[in-house]
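Sequential numbering of the sequence shown, starting at 25, is according to this note's numbering. Since the structure comes first, as structure tokens, the remarks are kept for the end.
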Amino acid sequence: MVISSSAGSFFFSAIYARCTRVARHPLWGAMENLAASRLGPWMVAGDFNIIAEASERLGGAPPNARNMEEFNHTLFKCDLTSVEFDGPQYTWTNGRVWQRLDRALVNREWAEQFAVSRVVHLARGRSDHAPLLIQCGSGRKGTSSFRFLNVWPRHNSFLGIVQEAWGRGGPSHTMSGFYRKLLGVRDKLRVWNKEVFGHIGNRVADLEKEMRTAELQYDTERTVASKIAYHEARATYMHQLAVECGFWRQKSRIKWIQEGDANTTFFHAVVRQRRASNYISRIRGPTGQWLTQVEDIKSSAVSFFESLFSSDRGTDRHPVLPFDLPQVTLGDNEKLLALPTLIEVRDVVFSICPDSAAGPDGFGSGFYQACWEIIKEDLVAAVQDYFKGGWLPKGVTSTSIVLIPKLQGASQWQDFRPISLCNVSSKIISKLVSNRLNQLLPRLISPWQSGFVPGRQIMDNILVTQEHAKDLDRRLEAPNLMLKLDMEKAYDRVEWSFLLFMLRSFGFQEPVVDLLFRLVANNWFSVLVNGEPAGFFKSTRGVRQGDPISPGLFVLVTEYFGKGLYSLFRQGRHRFFQAGGMRVPYLAFADDVIIFTRLSRETLQAISAFFKQYQQYSGQKINVSKSGFVCSSGVSAAQVELVTRILGFQRQFFPLVYLGVPISRGRSSIVDFDGIIAKVRARVYHWSARLLSMGGKLILTKHVLSSMPLYLLQVLKPPKAVLVALGRIFNSFLWDKSHDAKRTHWASWERLCFPTEEGGLGVRLLEDMVKAFSYKLWWRLRQRDSIWSDFMYSKYIGDRHPLQAEVARPSGTWKRLIGIRELVEVQITWSLGPGMVDFWLDTWCELGPLYALVPTDGDRPHFLVAEFLGREGWNRDRLLRWLPGNLVDVIVETPFDLDGHDQILWAKSATGFFSLNSAWELCRQRRGGLTLAGMIWNKGTPLKISFFAWRLMNNFVALDSVMRRRGLPVVSRCSCCLEEAETLPHLFSMDRWQERFGGILQVIVEVSNFLHDLGRAKKLDKAQFNGDRDCVWARFVSDGTRKRRPVLVTWEKPPPLRYKLNTDASVVNGRASGGGVLRDSFGRVILAFYKEFGEKGVLQAEALAVLEGLLICAAKGLRGILVEVDSAVLVSLVNSSAQGGWLLCNVLRRIRRLLDQVAMSFTHIFREANGVADRLAALQGGINQVFDSHLQLPREVRGCIAMDAAQIPSFRLVAQ
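Take a look at the structure:
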């Protein structure tokens, strides 16, 4: 039916569906036919007698997956999405089963006309169905607040406006002054946006009209002037389209999209859907009554959250710590208080995503990054003023609370997660302090807490919990028990007095405590209700979710809980559940806690008393209704009732969802993955496929859909059927379009899952990713730097080598590891420190594992490599007792570092670190390469063009000839010439186009020339290609070569009282040598050296040259040296935490140690400024020596030294 209203006309379809799958098929067909007719705004509502996902059903048998898939596919084809609902989740029940059978669906046109639509599930009354109350509105119409747009800097007058406004206030040295300048810029940009930049959408429409007018004028006149005018109008229009796309991309906050595919409509739809899902049309008040008026909802929100952020403690009572805490050192306190440098502040500014939501002042990090050169001095001064004791003004610490519903149909404020949108000016300081504090957390926080502690992973908690679940039935003295705690609004309830108490207990000095507390103690909040701010109040407790400092402070506070619980179990009277040789009393990821204990009255009472004490002091509150427990099999009803009576928790059963992963006793089943399959399917149906180009869908598939299951695949090995089902969903989304009656899947998912170089689309097969994650698990096991690896060693390995560990009563994880351990172990090598690695089984020299080279009939004695090492070098005589001489000759050349530590290295990585990509390369299948892949897929070509070219290369286009090969009996005739059969060569024949259109379309070329242009596009920026992307068959490149410009390069003298060391290396015919020179601030030579290194690679020779120079400087007692080399790769390796490959690892470690002793910096220079070291390294065939005077150096070297001292520059061509 058609309904008219004041907001416009729309179509409404009432539904009463049949009860069986087959009987519903005519309804699905009718809906698809209506959708194809493009009605306009359309709502479909009623009883569908089917659910869309498993979570919409409670009780009874598992839902039929095929029924749900048919329903969801119909919604996908009709481009319909469910309207968000309020009230109970289930709309139908028979007393045993509850389901959401009734719903309202709308199309995109409806969502555009009625921006806010809600469905209220009313009380069922006598019926078994809940009535649906549909509410529609156009959304918020209030005055919009200021928001900085990341597209503004593209305008050529933007920086000038900011510079003018910023300079009016003069220099500023405090955050108050900085904030006043921000307000001045904000006022100026408001006017500039209205008068100069203009409304983005209107500007696009106006420019499109101008372009069409210019095109018509050019078609009529055909003059040079009209042609220029047309191209100028078109370029301006294309630029404004890019601005519009950037605007909606920022508002949608989507990070996966790549440049080159203008998915503006999709971004718009995402923004619209997010607003609709977060819209609050009604809420329950404190007495249970429904509030529907806007002002009542706002008032209720302010009242609830002001109460939540207000302390309810009368006096500051602190416990006496029954345990010892690690202490912060004097040096740690000094590092925390050190004034930030400009570089440190800059790194923080540019680490904040520019598309993230801004705080109340409206300035996102995009403003700070775009205007860095203008604001940097005032910003650094303001940050330093805070470190000197300055307070942050109210305008800087003001925060907007955005409410994210934690469940569908959220009906009370407890159902929302309050996320704080902080001002970037405040976030910069907070993030800077957080970066420093986080470095201390691994020493301060117990190993059982993995949340927000650098180096610890959430997967450790899940894997260890799985091991405990497997052994839950292993009963010794009393039944085993797993307690799963849910903390209510954990961040928001932290009492400040308890936070201060814990900081002081860790040994933080008062200036540091003050530095941290000032980030917390002056925060002011407004609640965003449907996009409009409400209230303005100050908090007296809690830390802000969304503030970078909050996670670190929170885990410091919760350490009282962890230490106290562990102390309780250490008393001896109370036992915890132990699965394996290592005791794990509890695991925590921030506020997600699971406790392993025994089911005894005394233990439960002690735990309950500790919970009450912790809540009393910290302000935390355990949500008893959401917490639960799982106990071993065979416990009596009385024992279950005992747990419930003492703790108040309800019994739960496996699979137990912990940190988003279903925990089971045995092997994973298909049911365990129903949740992730439903989430992937829901995400696909949530998107409108016809709003995306094929390039956009490809990126969405690669970066969003394919990544959704990866979290589970890291810790669970799914059945094959699960991976097949997910692959089918991915493939359908990639190829399907809404409203298409026929769906052609041109290739199977397995065929697409190859690198583009091998003819695929660059997506990865989930089966291969499961294997790669198995490799990663073995690598992490061998690293021995996590609670999980220590646990697995204690449970399964003991004192044996992991390759020799037996498979006895294994868990699913251990069986997964056993299946791949031999394959992974060959990729692991060791760089020797003191040599605490297995002599026979580990790979610690270039020969590989020695057990494979020295066969034996009996058992070998167990040795560590350390038994063959000494300060004087290798114990050759002892090696000869066990190995033949030819092997010993190689082994004694293996470097070791007794003062370091044994370093595990991944053989397939240049850095020595494990990478999932390299593991995937080892696991995946391979096929022959595609010659033209580099031309088709490159950064200069929009993805939709690349995707089309790929389809052409694979005959994945709906031509008559192709369809006939696929078995369709069609009569082929070209639709253009009506003479020949429709084939790919015929359609793109140059002769045919010339014959039909003469010289007008001479720029249209054959497919090979098109691909040639794509290849040339590799040398272009994407924006250059985009300028004419709709005319891809034209010659869009006049010169594909990269333009270069000359620059002057000069060796810079070191500052007074400092020295500069320059080194370089040379490799000729495989023989390497190195050289270097040390000079003072006048350019005078202090020393120089030349050394032969033998057969080495270039990078290894460069590193050895640096090491030699540092060793000479250290031997002479020199300090404060600036080191320069012309190898950017080496500089990157040394200045990072990379370990390097097997040949480099020990050298890098020694270089870093020496840099800490004698050097101030290690930087890269151009080769032209490193001429002296370059000439010294090239003295091939010379004698290893150290030159104490420049007079000892060859003439050509002395000449280069003189040029450097005179600051004579060289020229270098660099890319523009």
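Think of the CB as a built atom: it goes at the ideal place given N, C-alpha and C, for glycine as much as any other residue.
Fully enclosed beta strand (DSSP E) runs of no fewer than 3 residues occupy 504-510, 548-553, 556-562 of the region 504-565, in order along the chain. In the DSSP assignment, the residues bridged to Ala38 are Ala69.
Taking the CA atoms as reference points, Gln807 sits about 32 Å from Ser529.
Residue pairing by DSSP places Val1147 opposite Leu1085, Phe1186 in a beta bridge.
For Thr853, same chain residues with a beta-carbon under 6 Å away, outside a window of 5 residues either side, are Thr867, Leu929, Ala931, Trp1166 in chain order. For Leu427, the pairing in a beta bridge is given by DSSP as Pro442. Pairing Val1130 with Thr1087 gives a Cβ-Cβ distance under 7 Å. By alpha-carbon distance to Val420, the top candidate from Thr955, Glu1076, Leu206, Ile321 is Leu206.
Across the set Val861, Leu827, Ser642, the C-alpha of Leu827 shows the shortest separation from the C-alpha of Val848. Bridge partners of Gln159 according to DSSP: Arg142. With respect to the C-alpha of Asn91, the residue from His49, Ser327, Cys1224 having the closest C-alpha is His49. With contacts defined by Cβ atoms closer than 7 Å, Phe476 and Ser642 do not form a contacting pair. Considered as a whole, the region 593-680 harbours 610-613, 616-622, 652-655 as its complete beta strand (DSSP E) runs of no fewer than 3 residues, in chain order. According to DSSP, His49 shares a beta bridge with no other residue. Excluding its 5 nearest sequence neighbours in each direction, Ile376 has C-beta neighbours in its own chain below 6 Å: Ser389, listed in chain order. Comparing C-alpha distances from Gly53 to each of Gly84, Phe95, Ile75, Tyr261 shows the shortest one belongs to Phe95.
In this structure, Ser810 and Gln481 form a Cβ contact; the two beta carbons are roughly 7 Å apart against a cut-off of 8 Å. If you compare the alpha carbons of Glu93, Gly64, Trp66, Leu63 with that of Glu77, the shortest gap goes to Glu93. Annotated three-state conformation of Leu874 is helix, per DSSP.
Of the candidates Gly857, Asn357, Thr198, Phe221, the residue whose Cα lies closest to the Cα of Gly414 is Thr198. Excluding sequence positions up to five before and after Met860, its CB lies within less than 7 Å of the CB of Leu888, Ala890, Asp926, all in the same chain and listed in chain order. With a 10 Å radius around the Cβ and a threshold of 16 neighbouring Cβ atoms, Ile573 comes out buried. Around Ser474, the same chain offers Arg480, Gln481, Ile482, Asp484, Asn485, Leu611, Ala612, Phe613, Ile811 as residues with beta carbons nearer than 8 Å, after the five sequence neighbours per side are excluded.
Put simply, the backbone Cα of Arg337 is about 17 Å away from that of Ile646.
Where Ile482 is concerned, the enclosing alpha helix (DSSP H) starts and stops at 482-494.
For Ser756, no beta strand (DSSP E) segment is defined; the enclosing uninterrupted segment is the alpha helix (DSSP H) at 744-759. Linking Ala47 to Ala41 through their CA atoms gives a straight-line distance of about 8 Å. In this structure, the straight-line span from the alpha carbon of Leu904 to that of Glu945 is close to 39 Å. Taking the Cα positions, Val617 is about 16 Å away from Ser591. Residue pairing by DSSP places Val1071 opposite Arg1236 in a beta bridge.
Shortest Cα-Cα distance from Leu354 to any of Gly936, Leu954, Phe532, Ser772 involves Phe532.
If you draw a straight line from the Cα of Thr423 to the Cα of Phe411, it is about 21 Å long. Collapsing the DSSP output to three states places Ser33 in a strand. With fewer than three CB-CB distances shorter than 8 Å, the region 392-399 does not count as touching the region 421-440. Judged by DSSP in its simplified three-state form, Ser1090 adopts strand.
Closest in alpha carbon position to Lys1120, among Arg1103, Val1092, Leu1102, Asp1104, is Val1092.
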